[in-house]
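As C-alpha cells, the structure follows; a few thoughts come after it.
Numbering (the working numbering), first residue to last: 18 to 98.
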C-alpha cells in the first residue's frame, strides 16, 4: 500500500488516497473520479475524458500499466485533468 495525493484543478484542492501499487492506472482514475464527483463511469469514458499526470514533471501516466511501473513513493503527488 502506498499513500498518494491527487490535485484536482476544478476543485482546487488535494485529495489523499491509500492504494495498492498493483492498481491499474485506469482503475485508479476511476476510483478518484467516483470518490470526488460521486458518479460511476465506465472505463472507456474515464480513458477518454481524464488524464492522470505526474504533478512535478507533467508526464502523463499510461492507462494500461500498474502504479508499480512508476517510481512512486509515499506522499507522491499527481494531477487529474
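Virtual Cβ for every residue (Gly too), placed ideally from N, Cα, C.
Here the structure is a predicted model, which means the values were calculated and not measured.
Hey, is residue i close to the ligand NAD, as in C-beta under 8 angstroms from one of its heavy atoms?
i, result
"residue 75", "Within the structure as shown, the ligand NAD is missing, as the structure has no ligands at all."
Report the rounded CA-to-CA distance for residue i versus residue j, giving the unit in angstroms.
i, j, result
"residue 83", "residue 28", "26 angstroms"
"residue 26", "residue 48", "17 angstroms"
"residue 95", "residue 55", "20 angstroms"
"residue 21", "residue 58", "22 angstroms"
"residue 73", "residue 98", "14 angstroms"
Give me, in chain order, the residues of the same chain whose beta-carbon lies closer than 8 angstroms to that of residue i; leave out the 5 immediate sequence neighbours on both sides.
i, result
"residue 19", "35, 36, 37, 38, 84, 89, 90, 91, 93"
Alpha helix (DSSP H) containing residue i: first to last residue?
i, result
"residue 48", "42-54"
Which residues in the same chain have their Cβ closer than 7 angstroms to the Cβ of residue i, if we skip the five residues on either side of it in sequence?
i, result
"residue 53", "25, 28, 32"
"residue 80", "42, 43, 64"
"residue 40", "83, 84"
Where do the N-terminal and C-terminal ends of the beta strand (DSSP E) with residue i fall, by residue?
i, result
"residue 35", "30-36"
"residue 64", "Residue 64 -> not in any beta strand (DSSP E); alpha helix (DSSP H) instead, spanning 60-66."
Going along the chain, which residues of its own chain have a beta-carbon closer than 6 angstroms to the beta-carbon of residue i, five neighbours each way excluded?
i, result
"residue 60", "43"
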